[in-house]
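Counted from 1, the sequence shown has number 62 at position 62 by UniProt numbering; the numbering is strictly sequential.
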Amino acid sequence: MKIEQAARQLEALGNTTRLELYRVLVRAGTAGLAVGHVQEKLAIPASTLSHHLRRLVDTELVERERQATTLICRASYPHMQALIGYLADECCADANCRPVSGATALPAADGASQGRIKGC
């Protein structure tokens, strides 16, 4: 992955609505969700959802597929894994700690992700 692509993807995820939208799609799995169902979950206007979906599609983090009259959206897991890998590959590159063998965050006491990579 090139740094420009990573920067565009991270910038797209830097918006709270898009990040929430992306998390909804990631949680939905490979089957994805109908746009109408996503709109219900997020409780945002259709025009707002369309704007944010387009940004995620343009950065290749989300895929859209028409099934008859329904538009299905799903997270692009290969692109998500590439972005995570791009960041995790640099973990400890210039330090004397053991390398990371995966990009899994350590859980916080409340069960939320802390963002610290195992091995650091």
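Cβ atoms here follow ideal geometry from the backbone N, Cα and C, with glycine treated the same way.
Note that the structure is a prediction, hence the values are computed from the model and not measured.
> Is the stretch 32-39 touching the stretch 69-77, taking contact as three or more C-beta pairs under 8 Å?
Replying inline: yes
>> For a test of the three-state rule: what should DSSP assign to residue 72, helix, strand or coil?
In response: For this step, residue 72 is matched to residue 72 along the sequence shown. DSSP places residue 72 in strand when its eight states are reduced to three.
>> Excluding the 5 residues flanking residue 46 on each side, which residues of the same chain have their C-beta closer than 7 Å to its C-beta?
In response: By one-based count along the sequence shown, residue 46 stands at place 46. Hits under 7 Å: 39.
>> Please report the straight-line C-alpha distance between residue 22 and residue 67, rounded to a whole angstrom.
In response: The residue labelled residue 22 in the question sits at position 22 within the sequence shown. The residue labelled residue 67 in the question sits at position 67 within the sequence shown. Their backbone Cα atoms lie some 20 Å apart in a straight line.
>> So, at 7 Å on beta carbons, what are the nonlocal neighbours of residue 60 in its own chain, with the 5 sequence-adjacent residues on each side left out?
In response: Walking along the sequence shown from the start, residue 60 turns up at place 60. The residues are 76 and 79.
> When we look at the beta-carbon of residue 55 and count the other beta-carbons within 10 Å, is it buried (16 or more) or exposed?
Replying inline: Indexing the sequence shown from 1 puts residue 55 at position 55. Buried.
>> Looking at the strands, I want to know which residues DSSP matches up with residue 9.
In response: Along the sequence shown, one-based indexing puts residue 9 at 9. Paired residue(s): none; residue 9 is not in a bridge.
> If you drop the 5 nearest sequence neighbours on each side, which residues of the same chain put their C-beta closer than 8 Å to that of residue 48?
Replying inline: Sequence index remark: in the sequence shown, residue 48 carries index 48 (1-based). 17, listed in sequence order.
> Taking the beta strand (DSSP E) that residue 63 falls in, what are its first and last residues?
Replying inline: Here the question's residue 63 lines up with position 63 in the sequence shown. From DSSP, the beta strand (DSSP E) with residue 63 extends over 62-67.
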